[in-house]
Amino acid sequence: MREIRTLEQEPHDAPACWLIDRPHTLTVCRGTVWLTIEGEPDDWWLRAGETLELAPRTKVWISASESNSRFILASAPVFSPTRRFAFYWLLIRFGQRRSRAL
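Following this line, the structure appears as structure tokens:
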């Protein structure tokens with residue numbers, strides 16, 4: 000499952016702080032967005048149509064420099080295909096053991 004958030008921010012709004020728990024993609028839909036990523040020496044300025052991949056376990060401050068700036072923050076799926084396969088394999092194995100015990 001993916002989580003997708005559409006957010007709007009005004010230049011006079013305080014920067015929003017996000018703690019990224021899993022990989023995310025930030026896509027700017029309208030306006031210009033300014034990002035500061037903890038630990039990186041430079042800031043990012045993204046315009047409409049530009050994207051940035053955000054790594055897990057990072058802290059990001061997001062601010063707008065234009066009125067009605069809009070961006071989408073989308074998370075990566077919770078399970079990668081490899082993990083999903085392992086998860087379903089365990090469910091099937093557990094189910095087979097349980098049915099034998101009954």
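For the sequence shown, numbering that gives the first Met the number 0 assigns the number 101 to the last residue and increments by one with no breaks.
From the three backbone atoms N, C-alpha and C, an ideal C-beta is built for every residue, glycine too.
What is the rounded straight-line gap between the Cα of W60 and the Cα of H23? Spanning the two alpha carbons is a distance of roughly 14 Å.
Less than 8 Å between the C-beta atoms of I19 and R56, yes or no? yes
Which residues does DSSP pair with H23 in a beta bridge? L53 and S74
Alpha-carbon spacing of P40 relative to A73, whole angstroms: 24 Å
What does the alpha-carbon distance come out to for the pair E52 and L25? 6 Å
Own chain, CB closer than 8 Å to A15, minus 5 neighbours either side, in chain order: L6, Q8, W60, I61 and S62
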